[in-house]
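Numbering (the working numbering), first residue to last: 292 to 824. Working notes, structure below.
See below:
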């Protein structure tokens, strides 16, 4: 492993390039345990390019000979050339070229990056470290600028460079806080995502959780969860029955209503992990008198689109099916449920990859819910939510799309003890599970989430509740995004923070239902209460 890291080390260092000393990462106000890194096996070291740090997301096979080394490098260069042609990358080429040409090397991005900070300011996790390697390769080997190696710095391109760059693209949450901070608009998050795209679309290298178990499973089974249409409808029917009993209000979730105003698009993971979220949406829409429906069409009952993290073609295939389902039902608009990346995929990204004639108007559920709550159509009692509440801002909704106030208008109306996190709104930090991290499961990625990527979020939460930490006061973390909830749940469970600090977490709709006067009191469950996790 290398001290005093330089960019050129990416192509020269043998074995693992860096190591994160867990004694060097910042302490927090709450008791958050570090998770020891599991060493790679001898077989992994022999056969897999586990040569970056303690994590190995891509499991790139080690080349067995010179021919395989050259094949990997040449395919990488072919993919890089395609990234910089309009016919192959018309979706993102202008922003990519801007970010390649105008970096001033000021490293303002580093100060904005939670991964750099929480790694103990390890040089390799500066947003610009990865980008500058990519930039030098492009200028020297693809663009072939005169004197490039002297003007920008020489970069030896070999299989180690390629393998490490691919892995390094998955040490970024794609939260784009760095892009917002950059004084000239360089987007290191975009560059990380373009590297991921190159590896997927040209080299066929991707995390299995995003591709095999993600987008491919979505297109084969109808959902990334593997649930078929029949299973989804049965599960939602059970949810309706269960939560009719819990709330005391009859709940019916409609499917395939032709000509409804709204097609609601859930993250199907909610059905399996957080059924209260599904029930809450149904109850709110029903009590507000909306004309709405879910779709039972394959792909369209699951708003997940993991392609947005790594592959344009996969993104477009899934987004198109969402649009086509809405067109077939004849709805006026799609309302996207509490899933951050589904917002991103079906709005600002779909606008670039789906032809206009196939598009359907889309709206964030935050806006729909704000309109319902502020209209007075629901009878709400804020005293039912008279406990400290803070709000997590999903990066893909808030920073990427600028949807900041609707959710806050709701919470201010129904939660008397609402308090903001430090660095909230567009300045918020990622939960730590963004860009697909939340669903990855092998080679120390769980330790990465717990030790590094999720640590800043836990700092924000502890700061928001610093006047009432401990088990005496019930506290609610409102996280209106499915992936974010999964990440927050993992951190709370691993560190036993439910018991130690009496935290509960959930979405925005659950907080609304908890305040509805026609619902049995105590919809949100805290530690020690019957029905709590």
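Here a beta-carbon is modelled for each residue, glycine too, at the ideal position from N, C-alpha and C.
Distance from the CA atom of residue 394 to the CA atom of residue 470, rounded to whole angstroms, is 11 angstroms.
A direct Cα-Cα distance of roughly 11 angstroms separates residue 541 from residue 809.
Contact between residue 346 and residue 736 holds, since their C-beta atoms are separated by about 6 angstroms, short of 8 angstroms. Here DSSP, grouped into helix, strand and coil, assigns residue 497 to coil. Per DSSP, the continuous beta strand (DSSP E) segment holding residue 681 begins and ends at 680-682. The region 768-777 makes contact with the region 625-644: 3 or more CB pairs, one atom from each, lie closer than 8 angstroms.
Taking each of 390, 537, 813 in turn and checking the Cα distance to residue 765, the smallest one comes out for 813.
In the three-state scheme derived from DSSP, where H, G and I count as helix and E and B as strand, residue 654 is classed as strand. Per DSSP, reduced to three states, the secondary structure at residue 769 is strand. A Cβ-Cβ distance of about 6 angstroms is found for the pair residue 481 and residue 390, placing them in contact under the 8 angstroms criterion.
CA-CA distance, residue 726 to residue 691, rounds to 13 angstroms.
Residue nearest to residue 762 within the set 419, 295, 818 is 818 (criterion: CA-CA distance). Contact annotation: residue 605 and residue 594 have beta-carbon atoms that are not nearer than 8 angstroms. Residue 554: member of the beta strand (DSSP E) spanning 553-556, first to last residue. A distance of 8 angstroms or more separates the beta carbons of residue 686 and residue 404. Under the three-state reduction of DSSP, residue 807 is assigned to strand. With 16 or more neighbouring CB atoms inside 10 Å of its own CB, residue 777 falls in the buried class.
Taking a cut-off of 8 angstroms on C-beta distances, the region 299-309 touches the region 441-454, as three or more cross pairs fall below it. Between the alpha carbons of residue 490 and residue 557 lies a distance of about 29 angstroms. Taking C-beta separations shorter than 7 angstroms and ignoring five residues to either side along the sequence, the partners of residue 450 in its chain run 354, 360, 363, 364, following chain order. Within the region 340-369, complete alpha helix (DSSP H) segments of at least 4 residues are not found at all. The beta carbon of residue 506 sits closer than 6 angstroms to those of 597, 598, 605, all from its chain and outside the five residues before and after it, given in chain order. Residue 331 and residue 351 have their C-alpha atoms some 14 angstroms from each other.
Secondary structure note for residue 796: its beta strand (DSSP E) is the uninterrupted segment 794-797. The Cβ-Cβ distance between residue 722 and residue 779 falls below 8 angstroms.
Between residue 728 and residue 338, the gap from beta carbon to beta carbon reaches 8 angstroms or more. In this model, residue 455 and residue 340 are separated by some 8 angstroms (Cα to Cα). Nearest to residue 326 by C-alpha distance, out of 508, 319, 313, is 313.
Rounded to whole angstroms, the separation of the alpha carbons of residue 534 and residue 805 is 13 angstroms. For residue 670, the secondary structure class from DSSP, reduced to helix, strand or coil, is coil. For the region 681-760, the continuous alpha helix (DSSP H) assignments of 4+ residues that do not extend past its boundaries occur at 686-689, 696-705, 736-739, 746-755, in sequence order. Counting only unbroken stretches of 3 or more residues, the beta strand (DSSP E) elements lying wholly within the region 580-635 are 624-627, in sequence order.
Per DSSP, the continuous alpha helix (DSSP H) segment holding residue 450 begins and ends at 450-459.
Between residue 660 and residue 701, the CB-CB gap stays under 8 angstroms.
Taken through DSSP and simplified to helix, strand or coil, residue 546 comes out as strand.
By the neighbour-count definition (other C-beta atoms within 10 Å, threshold 16), residue 396 is an exposed residue.
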